[in-house]
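**Q** Attaching a single structure in structure tokens format; questions to follow.
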Amino acid sequence: MATADPFDSALDLLRRLNPKHTSAHLNALINLAPDLTEDLLSSVDQPLAVRRCRQTGRDYLLCDYNRDGDSYRSPWSNEFDPPLQDGGAGPNGGGGGGGDEDENAAGLPSEKVRKMEIKANEAFDLYRELYYEGGVSSVYFWNLDDGFAGVVLLKKVATPGASGEGTWDSIHVFEAIDRARLTQYNLTSTVILSLATNANPALGELDLSGNMTRQVEIELAAENDEQQIANIGRLVEDMELKMRNLLQEVYFGKAKDVVGDLRSVGSLSENARDREAQKDLIGSMRR
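In terms of UniProt numbering, the sequence shown has 12 at position 12, counting the first letter as 1, and numbering is strictly consecutive.
Next up, the structure:
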């Protein structure tokens, strides 16, 4: 009998636990199996944490792609917090690849890619304000041997109130690979959504949490850096629109149908009387 792989077993367990508490479950698994720490952190999407940049005073998002050990790089200042002691190894602790060797050795993008990163952060900061009317956004780029890669992060937390709360996290990881006259974009997008409400005491509390992942590959013309950023922005915008529509029409619609069939505000006797009255009305119209 083959022995189960501990990493696969950990992923299977996480898929079966409440996605609202993914971070707590992940920390518990890391405590149980410390040797799986890097693999789990790089493979499991979890709600994004927010930190304030010490140099600029602006909030930014933390993820595995701007992490080096216990330090995280701010997209606004390009500095790690806390500062690195002896240099890092790039995104995921594994090196940036290509570009300036000194910058990549410190976990930083090359000068050219950093300039694109700055412009992308400005563009998605505007996108965040227009689409989400609040929240936090962060964009991180790094070098590849045949192009560059990056991640676009967006987070919006609904202000907790007496009736409910909600959190939206979207993570868009992409590769931009240079071809002869086109650039190939490989985009993987994940949305983590958590909603909770107790607005109607008669129905009780509702807690709806989950995540969705979609992928797309496409080739587009990109003659300069500005066009690269425009292409990435268009891909992320289209993917978010599709995923929002799927969540609203499929997942929320299905949940509404299930809850509507299982639970009712009125009593069963009242519902039975309403159905009888409806039958009588239809019968009288047919006479």
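We put the CB at the ideal spot given by N, CA and C, even for glycine.
No experiment lies behind these values; they were computed from the predicted model shown.
Any contact of the region 31 to 39 with the region 120 to 131, i.e. 3+ C-beta pairs under 8 angstroms?
**A** Because the criterion of three Cβ pairs below 8 angstroms is not met, the region 31 to 39 and the region 120 to 131 do not touch.
**Q** Cα-Cα, which of H172, Y65, D5 is closest to N143?
**A** In the sequence shown, the residue the question calls residue 143 occupies position 143. Answer by Cα proximity: Y65.
**Q** Can you grab the Cα-Cα spacing for the pair G164 / A196, in whole Å?
**A** Residue mapping note: residue 164 aligns to position 164 of the sequence shown, counting from 1. Residue mapping note: residue 196 aligns to position 196 of the sequence shown, counting from 1. If I take the Cα positions, the gap works out to 5 angstroms.
**Q** Tell me the DSSP bridge mates of F7?
**A** By one-based count along the sequence shown, residue 7 stands at place 7. DSSP, once it has assigned bridges, lists no residue as partnering F7.
**Q** Would DSSP call D64 helix, strand or coil?
**A** Taking the sequence shown and counting its residues from 1, one reaches residue 64 at position 64. Helix at D64.
**Q** Exposed or buried, G99, counting other C-beta atoms within 10 Å across all chains shown (16 or more means buried)?
**A** If you number the sequence shown from 1, residue 99 lands on position 99. Residue placement at G99 cannot be trusted, given a pLDDT of 40 that sits under 50; what the coordinates show is reported in the next sentence. Counting Cβ neighbours within 10 Å, G99 comes out buried, since at least 16 surround it.
**Q** Within 10 Å of its beta-carbon, does I192 have 16 or more other beta-carbons around it, so buried, or fewer, so exposed?
**A** Numbered from 1 along the sequence shown, position 192 holds the residue referred to as residue 192. When all chains shown are included, I192 counts as buried.
**Q** On the three-pair Cβ rule with 8 angstroms, is the region 38 to 49 touching the region 224 to 244?
**A** In short, these stretches do not touch, since the Cβ pair count stays below three.
**Q** Could you check the C-alpha separation between T190 and I282 for me, to the nearest Å?
**A** Mapped onto the sequence shown, residue 190 falls at position 190. Mapped onto the sequence shown, residue 282 falls at position 282. Taking the straight line joining both Cα atoms gives about 49 angstroms.
**Q** Can you tell me where the alpha helix (DSSP H) holding V113 begins and where it ends?
**A** Here residue 113 refers to the residue found at position 113 of the sequence shown. Counting along the chain, the alpha helix (DSSP H) containing V113 begins and ends at 111 to 132.
**Q** Any idea what DSSP makes of E223, helix, strand or coil?
**A** Counting from 1 along the sequence shown, the entry for residue 223 is found at position 223. Residue state, collapsed to three classes: coil.
**Q** Taking T188 as part of the beta strand (DSSP E), name the residues at either end of that continuous run.
**A** The sequence position of residue 188 within the sequence shown is 188, counting from 1. Counting along the chain, the beta strand (DSSP E) containing T188 begins and ends at 183 to 197.
**Q** At what residues does the beta strand (DSSP E) containing L48 begin and finish?
**A** Counting from 1 along the sequence shown, the entry for residue 48 is found at position 48. Looking at the DSSP string, L48 is not in any beta strand (DSSP E), and its letter there is neither H nor E.
**Q** Shortest alpha-carbon distance to residue 289 belongs to which of L26, H25, P83, S9?
**A** Residue 289 cannot be examined here, being either before or after the span of the chain that is shown, 1 to 287.
**Q** Helix, strand or coil for R15 per DSSP?
**A** For the purposes of this step, residue 15 is taken as residue 15 along the sequence shown, with counting starting at 1. In the structure shown, R15 sits in a helix (DSSP, three-state: H, G or I).
**Q** Taking one C-beta from the region 134 to 151 and one from the region 60 to 77 each time, how about it: are there three or more such pairs within less than 8 angstroms?
**A** With the cut-off at 8 angstroms, the region 134 to 151 and the region 60 to 77 touch.
**Q** Between which two residues does the alpha helix (DSSP H) holding S23 run?
**A** The count along the sequence shown starts at 1 and reaches residue 23 at position 23. Here the alpha helix (DSSP H) through S23 covers 22 to 32.
**Q** For T167, is the classification buried or exposed, using 16 other Cβ atoms within 10 angstroms of its Cβ as the cut-off for buried?
**A** Within the sequence shown, the letter at position 167 stands for residue 167. Buried: at least 16 other Cβ atoms inside 10 Å.
**Q** Over what stretch of residues does the beta strand (DSSP E) that includes S137 continue unbroken?
**A** Within the sequence shown, numbered from 1, the residue matching residue 137 stands at position 137. Run containing S137: 136 to 144, per the beta strand (DSSP E) assignment.
**Q** In this structure, how does DSSP classify T159 when only helix, strand and coil are distinguished?
**A** Position 159 of the sequence shown, counted from the first residue, corresponds to residue 159. Here T159 sits in coil by DSSP.
**Q** What do you reckon, are the CB atoms on V136 and L61 nearer than 8 angstroms?
**A** Start at 1 with the first residue of the sequence shown, and residue 136 comes out as number 136. Start at 1 with the first residue of the sequence shown, and residue 61 comes out as number 61. Yes, the Cβ-Cβ distance between V136 and L61 is below 8 angstroms.
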